[in-house]
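Single-structure report; data block below.
Residue numbers (this note's numbering): 468 to 848.
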């Protein structure tokens, strides 16, 4: 009925036929407030149905919302929520994102999906991937300073050494050999050193498979820094065979399932924070030099025009800030609003979406890291 999404963007955003229902909700992971998650979701779905009836009377809203209703009834899903939720429903499709950070409660029903909050979540500069590895299996996680979640790996992908090697495993062939003596042939076990050598060879084959899979199917697509979490002796072995350009030199040197989520988040952030600070310092420096030479600006009107004219080279957006108003995607005209922002009439959100759709490098930074107080800073070509 609905599918869980790990990557952004998703192919549903390429759909041409509307309407789209876009629903965002902050969720509680624990405590008595967790019981309110479904209640709030039900309220948002009801609001979406009412808007559909009013704005799109020709659409079979019950059919469009059928997978959303199914999500509402899925008890297993609501037991595993994170900090936020994003749901996108269109004809015959429904995609759900679990988010590792809160989002503003919003319902939008229009001819196109409302994705600017999702852009801001996934373009945050502090994202990383974490590879949990031992000699028998692996898991992949993705997160930021606030926490992480496991990345779903397709069922057809081998996850264990036994699945990867199968009949190629040498371990199964080294338990004993045959020697001859006066009493005839008899079984004899190989020496411990020989057996360990073969086990090491199989582990190396498995590590090479993991490295190749993570590099090709994840790292090259996300371009996120990758941190290895494994016992100390596996770090040297894995790094020796790895060809992943995003694998960081520093890692977490303990079994990936030996720490709870908070402890692991703290350990990983100690590794990521220096990289994050250096990255933001470089971005800000590039902007300041461009602005000094007339090639950069913090004025929202100038940034909007440059976006429409495809002159943006880089854009920084302040995280969790809303500037009431809209940007005309055809002309770049900025229309302000004196009323309270409703979560979607947001100039910064429109700028982020314009940049994203034009494949302009976009980074979301917290207020204390932004070089300006307007909410956006851009470098022009």
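In this text, a Cβ means the ideal position worked out from N, Cα and C, and glycines have one as well.
Continuous alpha helix (DSSP H) stretch holding residue 608: start and end
Going by DSSP, residue 608 is part of no alpha helix (DSSP H) but of the beta strand (DSSP E) stretching over 605-611.
Length at least 4, wholly inside the stretch 489-545: the alpha helix (DSSP H) runs in chain order:
Qualifying alpha helix (DSSP H) stretches, in chain order: 503-522, 528-531 and 533-540.
CB-CB length for residue 799 against residue 827, believed under 8 angstroms:
Between residue 827 and residue 799 the Cβ distance is about 14 angstroms, and since that is not below 8 angstroms, they are no contact.
Am I right that residue 585 and residue 564 are in contact with their C-beta atoms under 8 angstroms? What's the rounded C-beta distance?
That belief holds up - the Cβ atoms of residue 585 and residue 564 are roughly 7 angstroms apart, short of 8 angstroms.
Alpha helix (DSSP H) segment containing residue 768, residue limits:
Segment 767-775, the alpha helix (DSSP H) holding residue 768.
To the nearest angstrom, how far is the alpha carbon of residue 589 from that of residue 661?
Each residue's Cα considered, the two are about 48 angstroms apart.
What do you get for residue 529, buried or exposed, if any count of 16 or more other CB atoms within 10 angstroms of its CB means buried?
With fewer than 16 Cβ atoms within 10 Å of its Cβ, residue 529 is classed as exposed.
Do residue 702 and residue 687 count as a contact pair if the criterion is CB distance below 8 angstroms?
With a cutoff of 8 angstroms on beta-carbon distance, residue 687 and residue 702 are scored as not near each other.
Top-ranked residue by Cα proximity to residue 838, from 789, 753, 794 and 520
Checked all of 789, 753, 794 and 520; the closest Cα to residue 838 is 753.
Alpha carbon to alpha carbon, how far is residue 684 from residue 699?
C-alpha separation (whole angstroms): 26 angstroms.
Host beta strand (DSSP E) of residue 596 (start-end):
Its beta strand (DSSP E) spans residues 595-600.
Roughly how many angstroms lie between the CA atoms of residue 749 and residue 833, to the nearest whole one?
Each residue's alpha carbon lies about 15 angstroms from the other.
Is the stretch 564-576 touching the stretch 537-553, taking contact as three or more C-beta pairs under 8 angstroms?
Judged by Cβ distances under 8 angstroms, the stretch 564-576 makes contact with the stretch 537-553, as three or more pairs qualify.
Going by the CB atoms, is the gap between residue 574 and residue 490 shorter than 8 angstroms?
Result yes, Cβ atoms of residue 490 and residue 574 sit closer than 8 angstroms.
From 713, 781 and 598, residue whose alpha carbon lies closest to that of residue 689
Between residue 689 and the set 713, 781 and 598, the nearest pair of CA atoms involves 713.
Please say whether residue 486 and residue 535 have beta carbons closer to each other than 8 angstroms?
At the C-beta level, residue 535 and residue 486 stay beyond 8 angstroms of one another.
In the DSSP assignment, the beta strand (DSSP E) including residue 728 goes from what residue to what residue?
Per DSSP, residue 728 lies in no beta strand (DSSP E) segment; the continuous alpha helix (DSSP H) that holds it begins and ends at 728-759.
Return the residue from the list 499, 788 and 724 that minimises the CA-CA distance to residue 835.
Ranked by Cα distance from residue 835, the first of 499, 788 and 724 is 788.
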